[in-house]
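**Q** My structure is below; once you've seen it, I'll send some questions.
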Amino acid sequence: MKLSRRDFVKTSASGGLAAGAATFIAGNAGAQQSQPVLPPASVPPETGCAKSLLGAGVAKPDYTLVVDEKPYSQYGVDLQGMLVGGIWPGTPIRYTEGDMFRVLINNRMTQPTCIHWHGILLPSLQDGVPEIAQLPIEAGTSQYYEFPLVQQGSYYYHSHLGVQEQYGLLGPLIIDPKDNPYSYDYDEALMFSDIPPAEGKEIIEELRSGRHRPEIKDAYEPPNTKDFDIDVVNVGYTLNGQPNSKPWTLTVKKGSRLRLRLINSSGSTFFRISIDGLKFSVIEVDGNRVKPIEGQNVIVPTSARYDVLVDVPDSGSYTIHAAALGDDKQCLGVIHTDDAQVTVNDKRPTFDGVTVDFRSLQALNPSGFGRKVDRVYDVLLSGKMKKYEWMMNNHYWPEPFAGPHPEKTYLDIQQGEVVQLRMINRSPMSHPMHLHGHTFRVLGSADDDFAPIMDTVWVPKGETVTIEFLANNPGMWAYHCHNIWHLAVGMMQPVRYVVDERELLRQ
């Protein structure tokens with residue numbers, strides 16, 4: 001079908017291309033500065049919402065996520081929590097690869113929200129990013145999501161509006177494989193979170209004030225690294241919503257094998273995780289299989305997911321340690337056999353043995369695209385604590401993301417291209433960089449033919465990390481630092497699919 005430029009823009013804006021994904025026109029000049037046309041969001045009222053959707057021929061949702069506000073106390077400070085189903089983490093979602101995802105969000109809060117399905121490959125207009133993928137879900141309204149699940153693995157959902165994620169608006173999302181190559185007796189999702197000591201607006205104001213933060217003595221560090229900085233101090237840490245005073249526990253049989261899905265659902269914390277007396281084998285990262293690698297501890301960046309197999313050969317009680325890098329605190333949990341008492345080792349872990357991080361990994365199968373790279377972008381990561389400015393390519397996208405802003409730029413690509421992004425970190429902090437709607441290869445390992453596939457990668461300060469992906473999911477996609485405080489002040493530069501205007505004219 002041939003489209004004129006006018007017809008193309010109309011079709012794109014109405015969601016008629018690529019299963020609802022928006023594609024944008026690139027003219028001969030100024031493509032990065034042109035503003036995309038955003039499609040209207042469909043936000044039915046909460047009352048009778050499911051009935052009206054079914055009447056419109058939409059299938060009944062498998063899960064209804066009720067989002068509400070609930071106060072809680074942190075270090076004696078009363079804060080406003082935002083929970084899904086009244087629990088932290090929120091209502092778990094579980095599907096099988098190939099299923100149709102059907103979820104209804106009911107927003108019962110007094111404020112808008114927007115839910116992102118982290119790591120999921122889906123049409124761009126259902127990605128849950130305010131003003132890029134959809135309009136926010138206003139207070140007292142609902143939003144229905146439906147799309148096919150084309151992957152398997154460990155994921156999670158969270159708010160992508162402001163810093164709501166930090167206050168409990170998140171939950172696990174697991175997709176079981178059609179054919180599972182691994183056998184195990186227990187399958188558990190472990191969500192590691194950090195809880196800030198004040199309301200988000202207050203924290204950002206404090207960060208922007210430039211006041212000196214107290215130095216943390218004996219802070220946990222990655223191997224061979226010093227001065228791993230953090231943004232917020234006096235943070236609380238939980239495992240599956242449980243504090244160290246009442247740690248999360250798992251009872252197992254002696255001789256059993258466990259699959260632990262280590263989900264770093266924190267706002268800004270990198271965790272270094274170990275289990276007393278037990279080794280593990282990393283089998284998946286961000287839902288993508290890797291060559292199994294054995295270790296005694298693993299570094300999981302903010303928003304990343306590492307799946308490990310753990311054997312429990314003997315009776316006993318085994319403490320899980322999740323040390324917060326840059327802080328002197330840790331989060332605890334316990335695995336114990338049913339014939340042993342629960343004991344908690346709250347001593348500081350030493351992290352002896354092999355440490356696994358993203359540089360240790362290789363894909364299970366060759367991951368290359370078998371063709372040359374079509375487009376390369378250098379992405380400069382910069383910023384400073386003094387004024388609390390964090391940028392990509394010297395530009396920032398402060399919230400709200402919509403509307404004209406002189407700082408807005410895009411990384412424009414075309415469908416079918418192999419794209420490389422070289423992230424050059426000249427800032428004083430590490431950044432967990434996340435690309436929506438795609439997976440990418442992380443280059444620079446011993447064998448790039450088997451470069452590991454991820455959707456979030458740690459870019460250490462002072463280093464350059466190169467990723468490569470196939471542009472196969474049209475639309476506009478958030479690409480940002482997943483440190484929620486950096487994102488809140490604008491550390492994002494969206495990737496935008498464009499169509500060459502000259503090609504349209506030729507058609």
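Residue 160 in the UniProt record's numbering sits at position 160 of the sequence shown; the count goes up by one each step and never skips.
Built from N, CA and C at the ideal position, the CB exists for glycine as well.
Treat the numbers as computed from the prediction; the structure is a model and nothing was measured.
Could you compute how far the alpha carbon of Gly171 sits from the alpha carbon of Arg506?
**A** Those two C-alpha atoms are separated by around 48 Å.
**Q** Would you tell me roughly how many angstroms separate the C-alpha atoms of Gln35 and Val129, rounded to the nearest one?
**A** Low per-residue confidence applies at Gln35: pLDDT is 27, beneath 50, and the placement is therefore not dependable, though the value from the model is reported in the following sentence. Going from the Cα of Gln35 to the Cα of Val129 covers about 17 Å.
**Q** Per DSSP, which residues does His431 bridge with? Please list them.
**A** His431 pairs with Val459.
**Q** Here's a check: name, in chain order, each residue in its chain whose Cβ is nearer than 8 Å to the Cβ of Glu463, leaving out the five neighbours to either side.
**A** Closer than 8 Å at Cβ, skipping near neighbours: Asn425.
**Q** List the whole-angstrom C-beta distance separating Thr302 from Thr269, where the pair is believed to meet the contact cut-off of C-beta under 8 Å.
**A** Correct: roughly 6 Å between the Cβ atoms.
**Q** Starting from Ile204, follow the alpha helix (DSSP H) in both directions and report where the run begins and ends.
**A** Residues 200 to 208.
**Q** Can you check whether the CB of Thr355 is closer than 8 Å to the CB of Gly295?
**A** Yes.
**Q** In angstroms with no decimal places, state the Cα-to-Cα distance between Asp339 and Ile216.
**A** Rounded to whole angstroms, Asp339 to Ile216 spans 40 Å at the Cα level.
**Q** Does DSSP put His486 in a helix, a strand or coil?
**A** Three-state result, His486: helix.
**Q** Among Gly267, Val298, Glu284, which residue has its Cα nearest to the Cα of Pro223?
**A** It is Val298 whose Cα lies nearest to the Cα of Pro223.
**Q** What's the gap between the Cα of Ile93 and the Cα of Gly81?
**A** Whole-angstrom Cα-Cα distance: 21 Å.
**Q** Does the distance from the CB of Pro428 to the CB of Lys384 come in under 8 Å?
**A** Yes; because the gap between Cβ atoms is below 8 Å, this pair is in contact.
**Q** Using alpha carbons as the reference points, say which of Tyr186, Asp327, Trp397, Ser274 lies closest to Asp218.
**A** Checking every option, the nearest Cα to that of Asp218 belongs to Asp327.
**Q** Quick check: the Cα distance between Leu122 and Val84, rounded to an integer number of angstroms?
**A** Going from the Cα of Leu122 to the Cα of Val84 covers about 22 Å.
**Q** For the beta strand (DSSP E) containing Asp378, name the first residue and the last one.
**A** Counting along the chain, the beta strand (DSSP E) containing Asp378 begins and ends at 375 to 384.
**Q** Buried or exposed: Pro450, going by 16 or more other Cβ atoms within 10 Å of its Cβ?
**A** This sequence places Phe at residue 450; Pro is not what is there. Phe450 should be labelled buried.
**Q** Restricting to Cα atoms, I'd like to know which of Met492, Leu325, Lys461, Leu332 is closest to Tyr410.
**A** For Tyr410, the nearest C-alpha among the options comes from Met492.
**Q** Evaluate Asn394 with the Cβ neighbour count: other Cβ atoms within 10 Å of its Cβ, from every protein chain shown; 16 or more gives buried, anything less gives exposed.
**A** Exposed.
**Q** Should the stretch 132 to 139 be called in touch with the stretch 172 to 181, which here means at least 3 C-beta pairs below 8 Å?
**A** No: the two stretches stay apart, fewer than three of their Cβ pairs being nearer than 8 Å.
**Q** Give the DSSP-derived three-state secondary structure of Glu294 in the structure shown.
**A** Of the three classes helix, strand and coil, the one that applies to Glu294 here is strand, per DSSP.
**Q** Tell me whether Ser154 is buried or exposed, calling it buried when 16 or more other Cβ atoms sit within 10 Å of its Cβ.
**A** By the neighbour-count rule (16 or more Cβ atoms within 10 Å), Ser154 is buried.
**Q** Taking only the alpha-carbon atoms, compute the straight-line gap between Gln414 and Pro197 and give it to the nearest angstrom.
**A** One C-alpha to the other measures close to 44 Å.
**Q** Can you tell which of Glu131, Leu435, Ser256, Val498 has the C-alpha that lies nearest to the C-alpha of Ser183?
**A** Of Glu131, Leu435, Ser256, Val498, the residue nearest in Cα terms is Ser256.
**Q** Are Ser142 and Leu104 closer than 8 Å when you measure CB to CB?
**A** Against a cut-off of 8 Å, the Cβ pair of Leu104 and Ser142 comes out as a contact.
**Q** Once DSSP output is grouped into helix, strand and coil, what is the label at Leu169?
**A** Coil, per DSSP.
**Q** Enumerated in chain order, which unbroken segments of the beta strand (DSSP E) with a length of 3 residues or greater are wholly contained in the UniProt domain "Plastocyanin-like" (79 to 179)?
**A** Segments of the beta strand (DSSP E) lying fully in the UniProt domain "Plastocyanin-like" (79 to 179): 93 to 96, 100 to 107, 115 to 118, 142 to 148, 153 to 159, 170 to 176.
**Q** When DSSP labels each residue in this structure, what does Ala193 get in the three-state scheme?
**A** In the sequence as presented, Ala is not what sits at residue 193; that position holds Ser. Ser193: strand per DSSP, three-state reduction.
**Q** By the 10 Å Cβ neighbour count, where 16 or more other Cβ atoms means buried, how is Gln166 classified, buried or exposed?
**A** With 16 or more other Cβ atoms within 10 Å, it is buried.
**Q** According to DSSP, is Phe358 part of a helix, a strand, or is it coil?
**A** Three-state result, Phe358: helix.
**Q** Take Ile120 as the anchor and find which of Lys70, Gln111, Arg305 has the nearest alpha-carbon.
**A** It is Arg305.
**Q** Taking 8 Å as the threshold (beta carbon to beta carbon), is Gln134 in contact with chain C?
**A** Note that chain C does not occur in the displayed structure, where there is just one protein chain.
**Q** Which of the three DSSP states, helix, strand or coil, is assigned to Phe440?
**A** Strand, per DSSP.
**Q** Taking the beta carbon of Pro39 as the centre, do at least 16 other beta carbons fall within 10 Å, making it buried, or is it exposed?
**A** Only weak support exists for where Pro39 lies, its pLDDT of 29 falling under 50; the value from the coordinates is given anyway. Buried, by the Cβ-count rule.
**Q** So the candidates are Glu69, Trp477, Ala323, Val418; which of them puts its Cα closest to the Cα of Ser367?
**A** Minimum Cα distance to Ser367 is reached at Val418.
**Q** Can you tell me whether Asp194 is buried or exposed, with buried defined as 16 or more other CB within 10 angstroms of its CB?
**A** Buried, because 16 or more other Cβ atoms sit within 10 Å of the Cβ of Asp194.
**Q** Of all the options Ile263, Glu146, Lys329, which has the alpha carbon lying nearest to the alpha carbon of Val232?
**A** Ranking the options by Cα distance to Val232, first place goes to Lys329.
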